[in-house]
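A.B. asks:
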Amino acid sequence: MIGEKFIKESSIKIELKISSIKREKNIKPIKLVKPIPEDFFIKLITERRSVREYSEKPMSFEHLSFILYSASSVSGERMGIKLRTYPSAGAKYPIDIYVAVFNVENLEQGIYKYNDTKFQLELLAKGNYKKELYDISIQQDFVMQSAIMIILVARSLRSTYRYGERGIRYVLMDASYISSNIYLSSTYLNLGSCVIGSFADEAFKKFLNIKGDETFVVLAHTVGTIK
Ligand SMILES: Cc1cc2nc3c(=O)[nH]c(=O)nc-3n(C[C@H](O)[C@H](O)[C@H](O)COP(=O)(O)O)c2cc1C
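Numbering (numbering that gives the first Met the number 0), first residue to last: 0 to 226.
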C-alpha cells in the first residue's frame, strides 16, 4: 500500500545511498514567462494583503458562508473519505474551525463551531466576545473593528497517531492552507482579512474550553468589511 510506505519513510530514519548534487558555476539565470497581470488568478493573488482596518458595516451572511465554504468544505470523495477544499496529509483533517461572530447580518453574536462536512454553524455560546478575543490577541486594535474571527484549532492526535511527531508539521501546514483559502476568498469578496499568530496560548484554550496538550489554537483570522 502506498500509504504504508509513506508512513515508514516519515517516521523512521532510513539509510539511503544518496550523493549530493554538484552545483554548476557561472551559469546564466533563465528568465521566466511573466503571467499577464489581468489574469483572474494572478490578480487575486497579487491583490491579497493583510487588511487591518474595517468599517462598521456588517458582513453579510452570504459572505460569511462563502468564506467558510472556501476555507474548508467537502469537495470530493476518495475511498469513502470526504475530501476538502484544502490538502491535508493523509486526509486526516486535524483542524477544527470555530467562528466568533461580532457583526454579521441575520446572525446572532456568539461563538460557533463550524461543521465543515455538514456545512453548518453550531452555536456554542451566545454573546459578544470581541473584548475577550482582543485581549487574547495581545490587544491588536483591528480585532475590535472586525466582523468575525475564525479560529483554527489543531486536534493534532488525528495526525500524530499516524505520523508520530512529524504529524505536528502536517497539522501546522493544514492550518496554513485553510488560512490561504480564507485570505483569497476574502480578497475575492472585497473583504479585509488578517491572520493572527500572536496570541496568549493558554488563555485562548481556556476561553474556548478546550483541553489537552494535543489540542491548541494554531491561527486566528479577522475578517471585516473594508473602509
Ligand atoms: C503565521 C503568521 C502569523 C501572523 N500573525 C500576525 C499577527 O498576529 N498580527 C498581524 O497583524 N499580522 C500577522 N500576520 C500577518 C503578517 O504580518 C503579514 O502577512 C506580512 O506582514 C505580509 O503582509 P501581507 O500579508 O499583507 O502580504 C501573520 C502572518 C503569518 C503568516
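The C-beta atom is built at its ideal place from N, Cα and C for all residues, glycine as well.
Considering Cα atoms alone, identify which of Phe203, Glu14, Ser69 and Ser145 is closest to Phe101.
C.D. replies: Ser145
A.B. asks: I need the boundaries of the beta strand (DSSP E) containing Ala124, first residue and last residue.
C.D. replies: Gln119 to Lys125
A.B. asks: Could you check the C-alpha separation between Ala124 and Lys112 for me, to the nearest Å?
C.D. replies: 10 Å
A.B. asks: Please specify which runs of the beta strand (DSSP E), each continuous and at least 3 residues long, are wholly inside the region 113–171, giving them in chain order.
C.D. replies: 119–125 and 147–154
A.B. asks: Under 8 Å, with one C-beta from each stretch per pair, do the region 186–202 and the region 59–69 reach the 3-pair mark?
C.D. replies: yes
A.B. asks: Just checking my contact of Ile225 with Ala70 at CB under 8 Å: how many whole Å lie between their CB atoms?
C.D. replies: Going by Cβ atoms, the distance from Ile225 to Ala70 rounds to 19 Å, so no, they are not a contact pair.
A.B. asks: Give, in chain order, every unbroken run of the beta strand (DSSP E) that is at least 3 residues long and sits entirely within the region 10–80.
C.D. replies: 73–77
A.B. asks: Listed in chain order, which residues are found with a beta carbon closer than 5 Å to a heavy atom of ligand 1?
C.D. replies: Arg48, Ser49, Val194, Ile195, Gly196 and Ser197
A.B. asks: Quick check on the burial criterion: 16 or more other C-beta atoms within 10 angstroms. Buried or exposed for Asn208?
C.D. replies: Asn208 is classed as exposed because its beta carbon has fewer than 16 other beta carbons within 10 Å across all chains shown.
A.B. asks: Can the beta-carbon of Asp173 be found closer than 8 Å to that of Ile80?
C.D. replies: no
A.B. asks: Quick one: what's got a C-beta closer than 8 Å to Glu201's C-beta in the same chain, skipping five residues either side?
C.D. replies: There are no such residues.
A.B. asks: First and last residue of the alpha helix (DSSP H) that includes Phe203?
C.D. replies: Asp200 to Leu207
A.B. asks: Based on the DSSP secondary-structure assignment, which residues constitute the bridge partners of Asp95?
C.D. replies: Val152
A.B. asks: Run through DSSP, which three-state label would Tyr85 get?
C.D. replies: In this structure, Tyr85 counts as coil in the three-state DSSP scheme.
A.B. asks: Determine whether the beta carbon atoms of Thr214 and Arg154 lie at a separation below 8 Å.
C.D. replies: yes
A.B. asks: Near Ile35, which residues of its chain fall below 6 Å by C-beta distance, leaving aside the five closest residues on each side in sequence?
C.D. replies: none
A.B. asks: Can you list, in chain order, the residues of its chain with a C-beta nearer than 7 Å to that of Asn180? Leave out the 5 residues immediately preceding and following it.
C.D. replies: Ser69, Ala70, Thr84 and Tyr85
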